[in-house]
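Sequential numbering from 1 applies to the sequence shown in the UniProt record's numbering.
Take a look at the structure below.
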Amino acid sequence: MKIDGTRTNDRATELILAYYAAFNRGDWDGMIALLGEDVVHDLNQGPRETGREAFAAFLQRMHRSYREQLHDIVVMVSPDGARAAAEYIVHGEYLADDTGLPPARGQKYVLPGGAFFELRDGRIHRVTNYYNLEDWIAQVR
């Protein structure tokens, strides 16, 4: 442990935990407020999207098709607070068909997931999400 007088590592950890707390509350505006204007969002096995507006649109798509809660969240942060990673367990329900995926019938699923972050000026500037899509598809089939 390195104590540098700035506590950047602690503030970065708090930022990531606030992001996930907002997610678990369904507080999309709260999540957006933690992002930089130029946020880069790398979707799991999907395209890269840039900007708060694109992120907000993604959240609306998610809200339409899924109800999810993240449990057992573990956050790891670089000593300088510039990068972070999180691991968690997703507990979800598939509510409405999502493009290119199996039909939704209210199927429940549980799977591990993770994310990588770039942090700058007290905001999240990149979110890269990962989970095993094949595992998810097997659970909802």
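Beta carbons are placed, not taken as given, at the ideal position from N, Cα and C, and that holds for glycine.
Note that the coordinates shown come from a computational prediction; the quantities given were computed from them, not determined experimentally.
Can you tell me whether residue 38 is helix, strand or coil according to DSSP?
Indexing the sequence shown from 1 puts residue 38 at position 38. Three-state DSSP puts residue 38 in a strand.
Between residue 87 and residue 77, is the Cβ-Cβ spacing less than 7 angstroms?
Here the question's residue 87 lines up with position 87 in the sequence shown. Here the question's residue 77 lines up with position 77 in the sequence shown. Not a contact, by the Cβ cut-off of 7 angstroms.
When we look at the beta-carbon of residue 15 and count the other beta-carbons within 10 Å, is it buried (16 or more) or exposed?
Within the sequence shown, numbered from 1, the residue matching residue 15 stands at position 15. So residue 15 counts as buried.
Report back the beta-carbon spacing between residue 11 and residue 81 to the nearest angstrom; my notes put them in contact at under 8 angstroms.
One-based indexing of the sequence shown puts residue 11 at position 11. One-based indexing of the sequence shown puts residue 81 at position 81. Taking a contact as a CB-CB distance under 8 angstroms, the pair residue 11 and residue 81 counts as one, their CB atoms being some 6 angstroms apart.
I want to know whether the region 30-49 touches the region 95-103 - three or more CB-CB distances under 8 angstroms.
The region 30-49, when compared against the region 95-103, does not touch it at the 8 angstroms Cβ threshold.
Let me know the secondary structure DSSP gives residue 1 once reduced to three states.
The count along the sequence shown starts at 1 and reaches residue 1 at position 1. Confidence at residue 1 is low in this model, with a pLDDT of 49, below 50, so the placement of that residue is unreliable and no value is reported for it.
Assuming contact is defined by CB atoms lying nearer than 7 angstroms, are residue 37 and residue 48 in contact in what I supplied?
For the purposes of this step, residue 37 is taken as the residue at position 37 of the sequence shown. For the purposes of this step, residue 48 is taken as the residue at position 48 of the sequence shown. At least 7 angstroms separates the beta-carbon of residue 37 from that of residue 48.
Option nearest residue 118 by Cα separation, candidates 41, 25 and 29
Taking the first residue of the sequence shown as position 1, residue 118 is located at position 118. Nearest C-alpha to residue 118: 41.
Continuous alpha helix (DSSP H) assignments of at least 4 residues falling wholly in the UniProt domain "SnoaL-like" (18-126):
Those alpha helix (DSSP H) runs which fall completely within the UniProt domain "SnoaL-like" (18-126) and span 4+ residues are 28-33 and 52-65.
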